[in-house]
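Have a look at the structure below before the remarks.
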Amino acid sequence: MGYINYIIYSEMKRKMIILCYMLLIVGVSYGQKANKAKELPKHLILIGFDGLSAKSIRDGANMPTLRKLISEGSSTLEGRTILPSSSACNWASMFMGAGTELHGYTTWGSQKPELPSRVVNSDNRFPNIFGLYRDNTPNAEIGYIFEWEGMNYLVDTLAINYRLYTTDCTVPAIKYIKEKKPNLCAVIYHEPDGVGHSKGWSSPEYMNKLTELDKSLSEIVKAVEESGIMNETVIIVTSDHGGIKTGHGGVTMEEMQRPVVFYGKNIRKGFTIEESNVVYDIGGTMAYLLGVKQPQVWTARPIMSIFNK
478 MGYINYIIYS
488 EMKRKMIILC
498 YMLLIVGVSY
508 GQKANKAKEL
518 PKHLILIGFD
528 GLSAKSIRDG
538 ANMPTLRKLI
548 SEGSSTLEGR
558 TILPSSSACN
568 WASMFMGAGT
578 ELHGYTTWGS
588 QKPELPSRVV
598 NSDNRFPNIF
608 GLYRDNTPNA
618 EIGYIFEWEG
628 MNYLVDTLAI
638 NYRLYTTDCT
648 VPAIKYIKEK
658 KPNLCAVIYH
668 EPDGVGHSKG
678 WSSPEYMNKL
688 TELDKSLSEI
698 VKAVEESGIM
708 NETVIIVTSD
718 HGGIKTGHGG
728 VTMEEMQRPV
738 VFYGKNIRKG
748 FTIEESNVVY
758 DIGGTMAYLL
768 GVKQPQVWTA
778 RPIMSIFNK
């Protein structure tokens, strides 16, 4: 009888040990998820400048606000475009977390995939950050403000609360941020691409346009601060491509390199991003910041070195 009791006791003890281990694993997993949630921002603002080249920043562009975000955030002047180094295909890659061979937008002015998308969602679109975030967070406030009409064809418009095509993003972006405090908002300027094509990249006119755009950037950053959400916000500043002479679309480094800047909650300060990154990695990093799981078809990698440990 004593031996039977011993067997029963041993089996109960074994099950208790297993249960304790399981509870420990669950507790650690829950704690990790809770800690990650605390580190992620409640608001993500992407500000894009079409045709802003990394070379212009290296050459001393008078952009004090951008330089402040660089010095107080994480950045690189070596972000790469996908090929061709043109607008629609690169903005698409940024939002869709993959290259042209998968999403199918292959030219500067693509309005629909020239190559069939490898995967499409319920809205018959390749998965993009706006639709993924809407599916993940149904009550999120999502905004999309842009100056080039071509941007309208590159996102899941059904996922967006506020969509505006305008000749000047700044005033409506400020109003929207202050009134709605969006969880996700993309503000995409058409310049300095226009001046680059008419006067040349790195021309005096181009550099003057960068100073003008920096003032707009300053006003948007100020709007975030005045809305009381800066402590819970990450701001991304980037572009789709650079340029050379009066064009782009080729394979020179002047065309291929773009600035990439992250600033805000839990972002390392004064940090230079050394890891390789391509335009679609912006989408991957946005997904991480928004707590969205990347679909298998995405090739993007979040830029993890930018975060405080």
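With the working numbering applied, the sequence shown has no gaps in its numbers, which climb one by one up to 786 at the end. For glycine and all other residues, C-beta sits at the position ideal for the given N, C-alpha and C. None of these values were measured; they are calculated from a predicted model.
Item checked: Burial state of Pro518, where buried means 16 or more other Cβ atoms lie within 10 Å -> buried
Margin query: Classify Asn601: buried if its beta carbon has 16 or more other beta carbons within 10 angstroms, exposed otherwise.
Written below: exposed
Margin query: Can you give me the C-alpha to C-alpha distance between Val505 and Asn743, rounded to a whole angstrom?
Written below: Annotation note: pLDDT 42 at Val505 (below 50); position unreliable, no value reported.
Margin query: Check this for me: beta carbons of Ile637 and Tyr621, under 7 Å apart or not?
Written below: yes
Margin query: Going by DSSP in three states, Ser551 sits in which element: helix, strand or coil?
Written below: strand
Note to self: Please list the terminal residues of the continuous beta strand (DSSP E) segment that includes Glu662.
What the structure shows: The residue you asked about is not Glu; residue 662 is Cys in the sequence shown. First-last of the beta strand (DSSP E) with Cys662: 661-666.
Next item on the list: For my contact list, Thr553 and Thr749 are in at a C-beta cut-off of 8 Å; report their separation, rounded to the angstrom.
Entry: 6 Å
Notebook entry, point to check: Which word fits Arg557, buried or exposed, when buried means at least 16 other C-beta atoms lie within 10 angstroms of its C-beta?
Noted result: buried
Next item on the list: In angstroms with no decimal places, state the Cα-to-Cα distance between Asp758 and Glu682.
Entry: 31 Å
Item checked: Straight-line Cα distance separating Lys589 from Gly581 -> 8 Å
Note to self: In the DSSP assignment, the alpha helix (DSSP H) including Phe739 goes from what residue to what residue?
What the structure shows: For Phe739, no alpha helix (DSSP H) segment is defined; the enclosing uninterrupted segment is the beta strand (DSSP E) at 734-741.
Next item on the list: Pick out the complete alpha helix (DSSP H) segments inside the segment 754-785, 4 residues or longer, and give them in chain order.
Entry: 757-766
Check: Between Pro615 and Glu555, what straight-line distance do the alpha-carbon atoms span, to the nearest angstrom?
Finding: 35 Å
Next item on the list: Using beta-carbon positions only, say whether Asp527 and His674 come within less than 7 Å of one another.
Entry: no
Next item on the list: Examine the ligand ADP and report whether any of its heavy atoms sits within less than 6 Å of the Cβ of Thr643.
Entry: Ligands in the displayed structure: none, and consequently the ligand ADP is not present.
Next item on the list: Throw me the rounded Cβ distance for the Pro736 and Thr715 pair, which I believe falls under 8 Å.
Entry: 6 Å
Notebook entry, point to check: Out of curiosity, what's the CA-to-CA distance linking Ile522 and Glu689?
Noted result: 20 Å
Next item on the list: May I ask which residues mark the beginning and end of the alpha helix (DSSP H) holding His674?
Entry: 670-676
Item checked: At least 3 beta-carbon pairs within less than 8 Å: the segment 543-550 vs the segment 559-575 -> no
Next item on the list: Would you mind reading off the limits of the alpha helix (DSSP H) that contains Phe572?
Entry: 564-573
Check: Between the Cα of Glu752 and the Cα atoms of Leu529, Ile783, Lys652, Ala617, which residue gives the shortest distance?
Finding: Ile783
Next item on the list: Quick one: grab the DSSP three-state call for Ile697.
Entry: helix
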